[in-house]
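What follows is a single structure, written as structure tokens, with notes after it.
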Amino acid sequence: MASTMDTLMMNTYPNVTNTTSEPSHAEMFYNRHSLVIVCLLCGTSIIANSLLITLIRLMPGKCNSTHLIIINLLFGDLGESTMFLVDEIINEVLKPDSSCFTMIMDALFRLFDTVSILSLLALAINQYIGICRPLHYQSIVTRTRTIIAICFIWVVSLILPFMIVLTPLAHTNWQACPAEHSVFQSAEWIFAIVLIIEVITIVVLYMKALIKVQAYRARQSSYTHCANLEQNRKAFVTTMIVLATLVLTWLPFLMYRFFVFTVMRLVDEKSVTILHSDVYYNFICFLPLINTISDPIIYGVRMHDVQQCIKRKCRNCNGGKNGLHGNGTTCLTHDGTDHHIIYHGGQRLSSPKTRQHSNIELHDIISNPNKYGTGV
Numbered sequence: 007m008a009s010t011m012d013t014l015m016m017n018t019y020p021n022v023t024n025t026t027s028e029p030s031h032a033e034m035f036y037n038r039h040s041l042v043i044v045c046l047l048c049g050t051s052i053i054a055n056s057l058l059i060t061l062i063r064l065m066p067g068k069c070n071s072t073h074l075i076i077i078n079l080l081f082g083d084l085g086e087s088t089m090f091l092v093d094e095i096i097n098e099v100l101k102p103d104s105s106c107f108t109m110i111m112d113a114l115f116r117l118f119d120t121v122s123i124l125s126l127l128a129l130a131i132n133q134y135i136g137i138c139r140p141l142h143y144q145s146i147v148t149r150t151r152t153i154i155a156i157c158f159i160w161v162v163s164l165i166l167p168f169m170i171v172l173t174p175l176a177h178t179n180w181q182a183c184p185a186e187h188s189v190f191q192s193a194e195w196i197f198a199i200v201l202i203i204e205v206i207t208i209v210v211l212y213m214k215a216l217i218k219v220q221a222y223r224a225r226q227s228s229y230t231h232c233a234n235l236e237q238n239r240k241a242f243v244t245t246m247i248v249l250a251t252l253v254l255t256w257l258p259f260l261m262y263r264f265f266v267f268t269v270m271r272l273v274d275e276k277s278v279t280i281l282h283s284d285v286y287y288n289f290i291c292f293l294p295l296i297n298t299i300s301d302p303i304i305y306g307v308r309m310h311d312v313q314q315c316i317k318r319k320c321r322n323c324n325g326g327k328n329g330l331h332g333n334g335t336t337c338l339t340h341d342g343t344d345h346h347i348i349y350h351g352g353q354r355l356s357s358p359k360t361r362q363h364s365n366i367e368l369h370d371i372i373s374n375p376n377k378y379g380t381g382v
């Protein structure tokens, strides 16, 4: 949130704007064009996240646990970009002269941001269980437990925003919502610590999962579910790519603000120069938005289900009828039998059976379409 963070930074660190009597060229450029830049970045993020959420929801059948967690992560990214855009528009158009608005908008931004990073951690744990305990995955990661975990993520994510908004209640100037209150710095510290702990945890899980995958490959047998293992491994790699983009966007943002506007100011108040603000206004402040755009792109490219859904929708948009055979999906079940699922009109028509039974059911559907509700 550029405007909110800028207001807090300027009020907390007045030396940044008072080093010269005139604003820097970067600040003038930012004030003139930031709304256009933010609208483009936030608009792209909102469209990309909304589109991927819609595609996942349009997949045939119920969303599994992985899909639910990914949707929750995308909602976090969607909320971040929306709050960023709303804050920028209100500050540029209405120009509210109130630090209360500043703190509330920052609290909402932190809410969705925390939801996003905790969802990424939940996704890594989910995939770790799928790799290391594949036989017990269905009994451990149930739909009910996944929904409870998502609710827990939202409850935990509310702690940081409430701390930002409610801590100043004890302050004598609460009625003025002082933006220079140290609670903003405390929130950034907590968020940075949570981010570092999450990165370390996911890396440890990934290393343990990688060791398990190598062990499975070394003793491949008919009892090893190679297809499921490879799918879970690919999903974990996707999570690591998303984690890498999170680190590459948020870590420079947090570290730059910490070292430049906290450490350097403590050492020498005049050390924060126009050059530092130029770098911040032109580049650093937009990094969090890059992360909200990259997540849906990565999942859209890496998720096979999403790719199949896109292809199916493109075929439907072209006006061609794919027929029942074009919408069938065959995969390998844990007992080694062929699991043939037939989709027609976006509905799941057959239950897990052998290929022979599926062919019989297919003939029955064609002969008696009204029996399955597929007749015109």
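Quick note on numbering: the sequence shown equals residues 7 to 382 in the working numbering. Here a beta-carbon is modelled for each residue, glycine too, at the ideal position from N, C-alpha and C. Since the model is a prediction, treat every value here as computed from it, not as a measurement.
| Query | Result |
| --- | --- |
| Minimum C-alpha distance to Thr88 - residue among Thr108, Asn55, Cys69 and His73 | Asn55 |
| Alpha carbon of Asp389 to alpha carbon of Ile137, nearest angstrom | There is no way to answer for residue 389, as the model of the chain reaches only from 7 to 382. |
| Segment limits, alpha helix (DSSP H) that includes Phe158 | Arg149 to Ser163 |
| Residue of Asp301, Gly82 and Thr150 minimising C-alpha distance to Leu252 | Asp301 |
| Per-residue burial, Thr72 [other beta carbons within 10 Å of its own, 16 or more giving buried] | buried |
| Own chain residues within Cβ distance below 6 angstroms of Cys48, not counting five before or after | Ser87, Phe90 and Leu91 |
| Cutoff 8 angstroms; reference Thr244; Cβ partners in own chain excluding five residues on either side | Ile304, Tyr305, Arg308 and Met309 |
| Beta-carbon spacing of Tyr134, Ala215 below 8 angstroms | yes |
| Cβ-Cβ distance between Leu80 and Leu117 below 8 angstroms | no |
| Between the CA atoms of Leu46 and Tyr287 - distance to the nearest angstrom | 16 angstroms |
| Candidates Ile59, Asp93, Ala250 and Ile53, of which the one nearest Ile299 by Cα | Ile53 |
| Collapsed DSSP secondary structure at Lys68 in the structure displayed | coil |
| Cβ pair Val312, Ile62 closer than 8 angstroms | yes |
| Local Cβ density within 10 Å of Cys291, reported as buried at 16 or more and exposed below that | buried |
| Per-residue DSSP class, three states only, for Thr279 | coil |
| Three-state secondary structure (DSSP) of Met246 | helix |
| Contacting residues, own chain, Cβ-Cβ under 7 angstroms from Leu201 (five flanking each side not counted) | Ile123 and Trp256 |
| Simplified DSSP state of Asn132, which is helix, strand or coil | helix |
| Whole-Å CB distance - Ile156 paired with Leu74, under 8 angstroms assumed | 7 angstroms |
| Contacts around Leu260, its chain only, beta-carbon distance under 6 angstroms, and the 5 residues preceding and following it disregarded | Ala198 |
| 8 angstroms Cβ cutoff met for Leu166 and Val205 | no |
| Ser40 beta carbon less than 8 angstroms from that of Leu295 | no |
| Close Cβ partners of Val44 (< 7 angstroms) along its chain, the five nearest in sequence each way excluded | Ala8, Phe90, Leu91 and Glu94 |
| Proximity to Asn238 [Cα-Cα], best of Ile159, Leu141 and Thr152 | Leu141 |
| Among Cys315, Tyr262, Asn322 and Cys323, the one whose alpha carbon lies nearest that of Gly67 | Cys315 |
| Best match in Met65, Ala130 and Leu58 for proximity to Arg318 [C-alpha to C-alpha] | Met65 |
| Beta-carbon contacts of Thr152 that lie in its chain and below 6 angstroms, excluding the five residues immediately before and after | Ser71 and Leu74 |
| Proximity of Ile208 and Leu127 at Cβ, strictly below 8 angstroms | yes |
| Through-space distance from Met246 to Trp195, alpha-carbon basis | 24 angstroms |
| Ser125 beta carbon less than 8 angstroms from that of Gly85 | no |
| Exposure label - Arg263; buried when at least 16 CB within 10 Å | buried |
| Same chain, Cβ closer than 7 angstroms to Arg149, five either side skipped, listed in chain order | Ser71 |
| Beta-carbon contacts of Leu281 that lie in its chain and below 7 angstroms, excluding the five residues immediately before and after | none |
| Beta-carbon proximity list for Val162, same chain, < 8 angstroms, skipping 5 on both sides | Thr120 and Leu124 |
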